[in-house]
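If you're matching positions, the sequence shown starts at 0 in numbering that gives the first Met the number 0 and goes up one per residue.
Only one structure is covered here, and it is reproduced in the block below.
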Amino acid sequence: MTETFIPTRVVVTAHTKLPDALKEAGAIAEYLKGKGIDAPHGSLNDEGLRKQVKQGQFDLLVAVGGDGTMLRAAHLCAPCGVPILGVNHGRLGFLFQNGSEHWQGMVDSLLKGEAWIEHRMMLHAEHLRSGETISAWYALNDAVVSRGQLVRPVHLSASIDGLMLTTYVADGLIASTSTGSTAYALAAGGPIMPPELRNILLIPIAPHLSVDRAVILSEGSSVKITILSENTVMSVDGQTPIGLAEDDQIEIRAAEYTAKFVRFGDAGYFYRNLTTHMNQNPSIGLRR
């Protein structure tokens, strides 16, 4: 059963380095004002707006940009349960339902109560050294353990719910959500998973004499990755990688909260959009 809602407290944000996105955010805010909703707008990096979101002052965040913008919006909004409406200005837009040319129609439908909330699982990744937690992160797409600057494979072992799965000699190992199955995991040859699934996908990157197939874990299962060699780093949702030491461990499980996205029509939008996205070959160098 879908969850419908009509927002009354809206904030409109945009990718900082996309002037057209910032301009469109202003236009959306002005359109909402004409509908009786006074919506502040600005950069997604604006600390004042971010603080207001965290304090629960809004019941909807509009994010104008690309998939990277949606990832940052999810990191901000998921902990406080704020739904996100995406307006695509990026290259691909796997996380979006509609492009920027449709935003007026989306706003009109939203205010008529014709939207619903889609919940997407996030990951909680924890870095352990000698049994002590060094740091922890949340991811919408994936947590990736991979080789660093040296061009040679890393050695890793993976266990599921405390039981040994296998060891890998590879360029790395991706632990992905269903959302991330259309990101790095897809490029590594992994399966495309429906967005509502709450399963973790494990897929090795360029494995050498190792298990070369993706593994989909049961819902609720967790994975522990043990580092068995030097020259290993970890990156969460494509952020700046951090160095890992031999014998470090990364524990990954489903997060305690979800990312909420505003959707319209039926849930089959994902498959309709998929064909369009898979036929694209975006130009290199364009911002997301």
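All residues carry an ideal CB built from backbone N, CA and C; glycine is no exception.
**OP:** Measure from the alpha carbon of Gln54 to the alpha carbon of each residue in Glu23, Gly242, Ala77 and Phe93, then state which is nearest.
**Re:** When only C-alpha atoms are compared, the closest one is Ala77.
Original post:
Any chance the region 242-251 sits against the region 118-128, with 3 or more Cβ pairs inside 8 Å?
Top reply: yes
Subject >> Three-way DSSP call (helix, strand, coil) for Ile27 in this model >> reply: Three-state DSSP puts Ile27 in a helix.
**OP:** Would you decide whether Ser145 is buried or exposed? Buried here means 16 or more other CB atoms lie within 10 Å of its CB.
**Re:** Per the 10 Å Cβ criterion, buried.
Original post:
Counting along the chain, where does the alpha helix (DSSP H) carrying Ala184 start and finish?
Top reply: Tyr183 to Ala186
Subject >> Whole-angstrom C-beta distance between Asp141 and Ala289, which should lie under 8 Å >> reply: Residue 289 lies beyond the range of the chain shown here (0 to 287); nothing can be said about it.
Original post:
Can you tell me the Cα-Cα spacing of Ala205 and Pro152, whole angstroms?
Top reply: One C-alpha to the other measures close to 9 Å.
**OP:** My understanding is that Trp294 touches Arg8, with C-beta atoms under 8 Å, so please give their C-beta distance in whole angstroms.
**Re:** Outside the shown range of the chain, which is 0 to 287, sits residue 294, and nothing can be said about it.
Subject >> Three-state secondary structure assigned by DSSP to His40 >> reply: Correct three-state label for His40: strand.
**OP:** Measure the C-alpha to C-alpha separation of Asp276 and Gly130 and round it to an integer number of angstroms.
**Re:** The sequence shown places His at residue 276, not Asp. So the two alpha carbons sit approximately 42 Å from each other.
Original post:
Does the beta-carbon distance from Ile226 to Leu201 come in below 9 Å?
Top reply: no
Original post:
If you follow the alpha helix (DSSP H) that Ala73 is part of, which residue opens it and which one closes it?
Top reply: If you look at Ala73, you'll find it in the alpha helix (DSSP H) that goes Asp66 to Cys76.
**OP:** Whole angstroms is fine: what's the gap from Leu110's alpha carbon to Met163's?
**Re:** 51 Å
Original post:
Rounded to a whole number of angstroms, what is the C-alpha to C-alpha distance between Asn87 and Val63?
Top reply: 6 Å
**OP:** For Pro18, name the three-state secondary structure that DSSP assigns.
**Re:** Here Pro18 sits in helix by DSSP.
Subject >> Cβ shell of Gly171 (< 7 Å), same chain only, five flanking positions each side left out >> reply: Val143, Val144, Ser145, Arg146, Val153 and Ile204
Original post:
Nearest to Gly67 by CA position, among Gly85, Tyr167, Pro6 and Asp58, is which residue?
Top reply: Gly85
Subject >> DSSP bridge partner residues for Val232 (one or two, in chain order) >> reply: DSSP links Val232 through a beta bridge to Ser145 and Gly242.
Original post:
Quick one: what does DSSP say Val214 is sitting in, helix, strand or coil?
Top reply: strand
**OP:** Report the option in Ile224, Gly33, Glu113 and Pro194 whose CA atom is closest to the CA atom of Leu94.
**Re:** The shortest C-alpha separation from Leu94 is found at Pro194.
Subject >> One or two residues paired with Val10 in a DSSP bridge >> reply: Leu60
Subject >> Nearest-angstrom beta carbon gap, Met120 and Ala38 [assumed within contact, 8 Å] >> reply: Contact doesn't hold; Cβ gap of about 29 Å is too wide.
Original post:
Would DSSP call Lys32 helix, strand or coil?
Top reply: Helix, per DSSP.
Original post:
Apart from the five residues just before and just after Ile36, which ones in its own chain have a Cβ nearer than 6 Å to its Cβ?
Top reply: Val9
Original post:
To the nearest whole angstrom, what separates the beta carbons of Val106 and Cys79, a pair I think is in contact under 8 Å?
Top reply: So it is not a contact: roughly 22 Å between Cβ atoms.
Original post:
Across which residues does DSSP place Ser325 in a beta bridge pair?
Top reply: There is no way to answer for residue 325, as the model of the chain reaches only from 0 to 287.
Original post:
Taking C-alpha atoms, which residue in Lys34, Gln148 and Thr178 lies nearest to Glu117?
Top reply: The residue with the shortest Cα to Cα distance from Glu117 is Thr178.
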